[in-house]
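Have a look at the structure below, then the notes.
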């Protein structure tokens, strides 16, 4: 695997809530007008206590000096892990879980503090600039180290520097900070940058008027799941303590449970769709109060099954030009779209296959649904339920919520659902990239499609 050391020099800052009005102009420029600022790395996280800003030096100049702005002394560098070739394994972890053993734990073992920022598509590990030689020495055996310079990756020269600190092996890392969990749930999603103007007003409402923002207006979860948040810390954690991220991520990785991890100026936050925070008796260790997390594995309590607990699901394909049904009521299947049906439940799904390059996928789905109207009526006359479902994936790999809904309906949930969506995303991106590369191929000519 490759470890990329990004070229941005980052500042971590906190804006007090009572002073946010002084910073709205600069924050709007950073979020929506990047070309006017030169900023290439920007993150804004709101918590009940404050706003945490992670921004590069160019973006930091957009923030005014104020008593409401607190800035961490250190300059930070962002690292991210690139696997170098997608795996089709159904157990592929996501978020901080996938780097807990290879990155987070070794850095904690060598007493190196990290600041973690998980996003929908990648995870950034922030380390202090002065710690970079130690980081490179610690991770050189596990990763190919590359530096990103002017957008290009070049080999990084690893310096043989060590601080001599190594945590004794086979010693369990205790959770030493109190944990709390709010009642609200979180959606983890991403946004196509080209659609940013259409939702800019909504995003500004989220950024600056979150207290009065109505629920379920902005996004639906691309994975169809909501995530539970656990906050780490009763008092502000600071930036010097090592191993906080490892305390949470290691047991998750051991149980193969996915999680996102977001550090802020005062506290850390872990997001997982299978957290269960129990309230055990609090134990005192000196003056430190600690508690433990109990994790339930995805699917541990209920087995994911097809709709109606049916086990006789069959699949085939159907061509809407010649769509018919068999004598027993099941759909006939020459070619084109996918059909799933269950004889015991008398339930059939016609699934429109994804076409990554297709524009206006919603309009295309409506047209295809009309083409299936006659088939649907005939199937329903024979006592079957008939559903036409789209698999909507844009050419850049953005999966619509209807796809996640379909997967849930047919019993694909939890880790299996996340993997299925990930494969749809990767397939769309690879296909679009291949078509783009073929655009100059003179052997390709336009052909009429009957």
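Residue numbers (the UniProt record's numbering): 1 to 450.
For each residue, glycine too, the CB sits at the ideal point set by N, CA and C.
At the C-beta level, residue 35 and residue 77 stay beyond 8 Å of one another. Closest in alpha carbon position to residue 427, among 95, 131, 393 and 61, is 393. For residue 208, the closest C-alpha among the options 44, 401 and 38 is that of 44. For residue 269, the beta-bridge partners assigned by DSSP are 231 and 262.
In this structure, the straight-line span from the alpha carbon of residue 41 to that of residue 75 is close to 14 Å. Between residue 419 and residue 407, the gap from beta carbon to beta carbon reaches 8 Å or more. In this structure, residue 113 lies near residue 128, with their beta-carbon atoms less than 8 Å apart. Taking C-beta separations shorter than 7 Å and ignoring five residues to either side along the sequence, the partners of residue 49 in its chain run 266, following chain order. In the same chain as residue 126, and ignoring 5 residues on each side of it, the C-beta atoms closer than 8 Å to its own belong to 10, 12, 54, 76, 77, 78, 79, 114, 115, 116, 117 and 263, in chain order.
For the pair residue 134 and residue 81, the CB atoms are not nearer than the 8 Å cut-off. Listed in chain order, the non-local C-beta contacts of residue 242 below 7 Å within the same chain comprise 108, 111, 112 and 113, local neighbours out to five positions each way being set aside.
Of the other Cβ atoms in all chains shown, 16 or more fall within 10 Å of the Cβ of residue 272; this residue is therefore buried.
CA-to-CA, the gap between residue 69 and residue 137 works out to about 34 Å. According to the DSSP assignment, residue 31 belongs to the alpha helix (DSSP H) that extends over 24-32. Taken through DSSP and simplified to helix, strand or coil, residue 346 comes out as coil.
At a Cβ-Cβ threshold of 8 Å, residue 424 and residue 399 count as neighbours.
In this structure, 349 is the residue among 344, 349 and 343 with its C-alpha nearest to the C-alpha of residue 337.
Look at residue 133 here: in three-state DSSP terms it is helix.
Secondary structure at residue 110: coil, using DSSP grouped into helix, strand and coil.
For residue 442, the number of other beta carbons within 10 angstroms of its own is below 16, and it is reported as exposed. For residue 390, the three-state secondary structure derived from DSSP is strand. For residue 4, no alpha helix (DSSP H) encloses it; the enclosing beta strand (DSSP E) starts and ends at 2-16. Within a 10 Å sphere around the beta-carbon of residue 154 sit fewer than 16 other beta-carbons, which makes this residue exposed. Straight across, the Cα-Cα distance linking residue 119 with residue 343 is about 42 Å.
Spanning the alpha carbons of residue 245 and residue 102 requires a straight line of approximately 13 Å.
Assigned with DSSP and collapsed to three states, residue 241 falls in coil, not helix or strand. Around the Cβ of residue 32, a 10 Å sphere holds fewer than 16 other Cβ atoms; the residue is exposed. With contacts defined by Cβ atoms closer than 8 Å, residue 106 and residue 139 form a contacting pair.
Contact annotation, residue 403 with residue 421: C-beta distance approximately 7 Å; criterion of less than 8 Å satisfied.
DSSP places residue 149 in the uninterrupted beta strand (DSSP E) bounded by 144-149.
Restricting attention to alpha helix (DSSP H) runs no shorter than 4 residues, the stretch 393-417 encloses them at 401-409, ordered along the chain. Assigned with DSSP and collapsed to three states, residue 183 falls in coil, not helix or strand.
For residue 374, the enclosing alpha helix (DSSP H) has its first and last residue at 373-381. Relative to the Cα of residue 183, the nearest Cα in the group 226, 236, 173 and 409 belongs to 226. Residue 250 sits buried, since 16 or more C-beta atoms from the chains shown fall within 10 Å of its C-beta.
Between residue 95 and residue 62, the C-beta gap is not smaller than 8 Å, which leaves the two residues out of contact.
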